[in-house]
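So for the sequence shown, our numbering puts the first residue at -10; every next one is plus one.
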Amino acid sequence: MSISKKILFGFHAVQARLRFNPESVLEIYLLQGRQDPRAKDVIKTAERCGVRIIPADAARLDGMSGHGSHQGIAATIDAGKSYVAIDDVLDNLEEPPFLLILDGIQDPHNLGACLRVADAMGVHAVIAPKDKAVGLNATVSKVACGAAEVIPYVMVTNLARTLRDLKDRGIWIVGTAADGDTDLFHFQHAGPIAWVLGAEGSGMRRLTREHCDSIVSIPMFGSVESLNVSVASGMCLAESRRQRQLLAKA
-10 MSISKKILFG FHAVQARLRF NPESVLEIYL LQGRQDPRAK DVIKTAERCG
40 VRIIPADAAR LDGMSGHGSH QGIAATIDAG KSYVAIDDVL DNLEEPPFLL
90 ILDGIQDPHN LGACLRVADA MGVHAVIAPK DKAVGLNATV SKVACGAAEV
140 IPYVMVTNLA RTLRDLKDRG IWIVGTAADG DTDLFHFQHA GPIAWVLGAE
190 GSGMRRLTRE HCDSIVSIPM FGSVESLNVS VASGMCLAES RRQRQLLAKA
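Listed below in structure tokens is the structure:
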């Protein structure tokens, strides 16, 4: 079977791939002489996963990353080994689960933008159904600006069953709709949470909505009646992250 090789670079990207999908990492190139804590952490994780570390000079890393900000590290991965199970993600978390669920997003530009904002807000995984969803493709990866290679993207056969499983783990399922029980500015929940957003226009499917613990609306103060799903995702995820940060400082 042929290998579909891709290059990842940057400590966050490489460490995330090692943590969530180590069997896809073929080898890691680390700047010669690096002995700082981040480098040592990667070396320790790579050794535990049986991944070879190759010392490299800056010129080689520059070439591998296309002169991007590689931070002294790059990795070759088998892009064909991208499957991640949600249980694997949840079992390795060091903070309450923070998830984004996309129900029926078919525009690759929207999905790419959602992945980008999810990564920016520290979401642990993005979940989507296998049917009636775009899936990862070249357009998604380009729009996501690297987030598609970093954040676990979990495609499930039965979204309703997945929502029930998440609830069994104590994760609060929060759907978004214009007729929400409360609005985003009055919804308080800093614990385990999964935000559910549907496609612009059609919104969440009926069965998905029925499995939500809360329905939240986004206040609208202008003339438009709806938001692009990636913008809505950004607002909801940023509010949850804000609440978590406030709780951590309390």
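All residues carry an ideal CB built from backbone N, CA and C; glycine is no exception.
| Check | Outcome |
| --- | --- |
| Kindly confirm or deny that the stretch 215 to 230 and the stretch 94 to 112 touch, where touching means at least three C-beta pairs closer than 8 angstroms. | yes |
| Cα separation between Y18 and S58? | 14 angstroms |
| Quick check: what's the CA-CA separation for N99 versus Q4? | 26 angstroms |
| Can you check DSSP and say which residues form a bridge with S203? | V163 |
| Using the C-alpha atoms, what's the distance from G93 back to R231? | 27 angstroms |
| Under DSSP, the beta strand (DSSP E) around I116 begins and ends at which residues? | 114 to 118 |
| Among K(-6), R49, L152, which has the Cα closest to the Cα of R198? | L152 |
| In whole angstroms, what separates the C-alpha of P118 from that of L91? | 8 angstroms |
| Comparing alpha-carbon positions, which option in D170, G180, D25, E12 lies nearest A35? | E12 |
| Could you give the DSSP three-state label for I75: helix, strand or coil? | helix |
| Under the three-state reduction of DSSP, which class applies to D25: helix, strand or coil? | coil |
| What residue ranges within the stretch 24 to 54 form continuous beta strand (DSSP E) runs of no fewer than 3 residues, ordered along the chain? | 41 to 45 |
| To the nearest angstrom, how far is the alpha carbon of A102 from that of V132? | 6 angstroms |
| Grouping DSSP H, G and I as helix and E and B as strand, with all else coil, what is G187? | strand |
| Classify S191 as buried or exposed, calling it buried when 16 or more other Cβ atoms lie within 10 Å of its own Cβ. | exposed |
| Considering only residues of the same chain and omitting the five flanking positions on each side of G180, which have a CB-CB separation below 7 angstroms? | P85, W161 |
| Let me know the alpha helix (DSSP H) ranges lying completely inside the stretch 207 to 238, each 4 residues or longer, listed in chain order. | 218 to 238 |
| What distance in whole Å lies between the Cβ atoms of S215 and E189, which are believed to be in contact at a cut-off of 8 angstroms? | 6 angstroms |
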